[in-house]
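For the protein sequence lines, the chains are A and B, in the order given. When you number the first sequence by our numbering, it's gap-free, plus one each residue, and the end is 216. When you number the second sequence by our numbering, it's gap-free, plus one each residue, and the end is 216. What follows is a single structure, written as structure tokens, with notes after it.
2 protein chains.
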Amino acid sequence: MIVDDEFEMNSRFVVKPEIRLLGVDDSFLSGEEVLVVGTIFRGGEWLDGVVRTTITRDGMNATERLSRMVRETRHYRQLRAILLDGITFAGFNVVDIERLCHETGLPVIAIMRRVPDFEKIRRALTYLSDGEERWELILRAGRIVRVVTREPDRPIHIQFTGLREEDAVQIVRLSSTRSSIPEPLRAAHLIATGIACGESKRRS
Amino acid sequence: MIVDDEFEMNSRFVVKPEIRLLGVDDSFLSGEEVLVVGTIFRGGEWLDGVVRTTITRDGMNATERLSRMVRETRHYRQLRAILLDGITFAGFNVVDIERLCHETGLPVIAIMRRVPDFEKIRRALTYLSDGEERWELILRAGRIVRVVTREPDRPIHIQFTGLREEDAVQIVRLSSTRSSIPEPLRAAHLIATGIACGESKRRS
Numbered sequence: 013m014i015v016d017d018e019f020e021m022n023s024r025f026v027v028k029p030e031i032r033l034l035g036v037d038d039s040f041l042s043g044e045e046v047l048v049v050g051t052i053f054r055g056g057e058w059l060d061g062v063v064r065t066t067i068t069r070d071g072m073n074a075t076e077r078l079s080r081m082v083r084e085t086r087h088y089r090q091l092r093a094i095l096l097d098g099i100t101f102a103g104f105n106v107v108d109i110e111r112l113c114h115e116t117g118l119p120v121i122a123i124m125r126r127v128p129d130f131e132k133i134r135r136a137l138t139y140l141s142d143g144e145e146r147w148e149l150i151l152r153a154g155r156i157v158r159v160v161t162r163e164p165d166r167p168i169h170i171q172f173t174g175l176r177e178e179d180a181v182q183i184v185r186l187s188s189t190r191s192s193i194p195e196p197l198r199a200a201h202l203i204a205t206g207i208a209c210g211e212s213k214r215r216s
Numbered sequence: 013m014i015v016d017d018e019f020e021m022n023s024r025f026v027v028k029p030e031i032r033l034l035g036v037d038d039s040f041l042s043g044e045e046v047l048v049v050g051t052i053f054r055g056g057e058w059l060d061g062v063v064r065t066t067i068t069r070d071g072m073n074a075t076e077r078l079s080r081m082v083r084e085t086r087h088y089r090q091l092r093a094i095l096l097d098g099i100t101f102a103g104f105n106v107v108d109i110e111r112l113c114h115e116t117g118l119p120v121i122a123i124m125r126r127v128p129d130f131e132k133i134r135r136a137l138t139y140l141s142d143g144e145e146r147w148e149l150i151l152r153a154g155r156i157v158r159v160v161t162r163e164p165d166r167p168i169h170i171q172f173t174g175l176r177e178e179d180a181v182q183i184v185r186l187s188s189t190r191s192s193i194p195e196p197l198r199a200a201h202l203i204a205t206g207i208a209c210g211e212s213k214r215r216s
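This is how it looks when you write it as structure tokens:
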């Protein structure tokens, strides 16, 4: 990262307690088109809006659909960062977080409860069309950083782009008000599974 | 209300800050079956789950569908009260709040931003089948009480059954943490309209 970029980000980016965040999660695989829910939150406290889209199971349209969902919401100009539940949705529809960041002008932080088994993913991808391209997107999501949030014994892991590590860590910690993961993601999960299944499901 | 009833309610009913509430609202009329969303909240603070059902536009099945949704959720045993956004859903599908209370064993509180224009409703009902029955249900919802919650200049109005007025008022005030209406209802509205329309809508 060059110094100019870092300066620009630094001067632009202030993490206030009520920073507007978009949290994105998908529901279960129940058909070809999978429901994806976005929650607009003020920090980790307050649900301010709900958006949704669909993406194709094992398709290649996650980045495009999420980018459009973000740019089309009336909350767009208030948003300061996008939080994703990992970078693969609806099976192996992989999000290009750099492209999502570039197209929306917003930093992107992907949250994982545990470090993925990359060897297993790579093997699974060989059975899908565009396996190499999907693998490239996974590699491009960048290094994985361990973060302790609300529960010291349940650290999470993040990948991020468009902001500095210290800002990404601050956003994740600030918004993890009720559990070890950011509240916008916890709510998006409850809503997506509740709507798709009739009742929200706890994480496995 | 006889003294024994009152004593039973009183001895059973304690309003704790984290009292589990179910807030129910519908989405816009977009077809014959209208999405209805229930949010399970801890007081006015914390989304704990999401359930959904559908009810028929201008149908007669709101009470039955809501009753089943409540009894089937895994949160049922934790719930202490049901909050409804008014008593008519999906057009003129009227909820029998006494029957809902009886079938679920839970107090029911219906919240209105303003006192309905009953004469207008009565005239509208003459154009629907079962108009007299719908009107009876509206009358059975009981007297309307004005409550000042978070915003002194925006009082709301409630109808209730299965609990004492002072408990109903306490629950409504306790859970109106972000606006003049209980947070479970504000969130249910954002989710129902967000899912049905792609983006949540503010109240008119």
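All residues carry an ideal CB built from backbone N, CA and C; glycine is no exception.
With contact defined as three or more Cβ pairs closer than 8 Å, the region 130 to 141 of chain B and the region 51 to 64 of chain B are not in contact. Neighbours of T85/A in chain B, taken as residues at a C-beta separation under 8 Å, are given in chain order as E211. P29/B counts as exposed, since fewer than 16 other beta carbons sit within 10 angstroms of its beta carbon. Under the three-state reduction of DSSP, G143/B is assigned to helix. When beta bridges are read from the DSSP output, D97/A appears opposite I123/A. Within the region 179 to 196 of chain B, the residues whose Cβ lies closer than 8 Å to any Cβ of chain A are, in chain order, R190. DSSP places V49/A within a strand segment (E or B) once states are collapsed to three. The C-beta of P164/A has fewer than 16 other C-beta atoms within 10 Å across all chains shown, which makes the residue exposed. The beta carbon of R158/B sits closer than 7 Å to those of P167 and H169, all from its chain and outside the five residues before and after it, given in chain order. C-alpha of R198/A to C-alpha of D142/B: approximately 43 Å in a straight line.
Close to A199/B, with beta-carbon spacing below 7 Å, are these residues of chain A in chain order: L59. Residues of chain B with a Cβ closer than 7 Å to the Cβ of I99/A do not exist; the shortest Cβ-Cβ separation is about 23 Å. Nearest to S39/B by C-alpha distance, out of V48/B, I31/B, T189/B and R32/B, is V48/B. Comparing C-alpha distances from V82/B to each of E45/B, G117/B and G56/B shows the shortest one belongs to G117/B.
Taking 8 Å as the cut-off, the Cβ atoms of V46/A and R69/A count as close.
For secondary structure counted as the beta strand (DSSP E) over 3 or more consecutive residues, the region 156 to 192 of chain B holds these complete runs in sequence order: 157 to 159 and 168 to 173. Beta bridge pairing from DSSP links G61/B with I52/B. At the C-beta level, E211/B and T85/A come within 8 Å of one another. For the region 63 to 75 of chain B, the set of residues with a beta-carbon nearer than 8 Å to any beta-carbon of chain A comprises V63, R64 and T65, in chain order.
Under the 8 Å criterion on CB atoms, G143/B is classed as non-interfacial with respect to chain A. As computed with DSSP, V27/B is found in no beta bridge at all.
Per DSSP, R69/A lies in no alpha helix (DSSP H) and is assigned neither H nor E. For R32/A, the enclosing beta strand (DSSP E) covers residues R32 to D38. Take F172/B, set aside five residues on each side of it, and the residues of its chain with a beta-carbon closer than 6 Å to its own are I121 and A180, in chain order. Residues of chain B with a Cβ closer than 7 Å to the Cβ of L202/A are, in chain order, L59, G61 and V62. Contact note: G56/B does not reach chain A at a C-beta cutoff of 9 Å; the least C-beta distance is about 11 Å.
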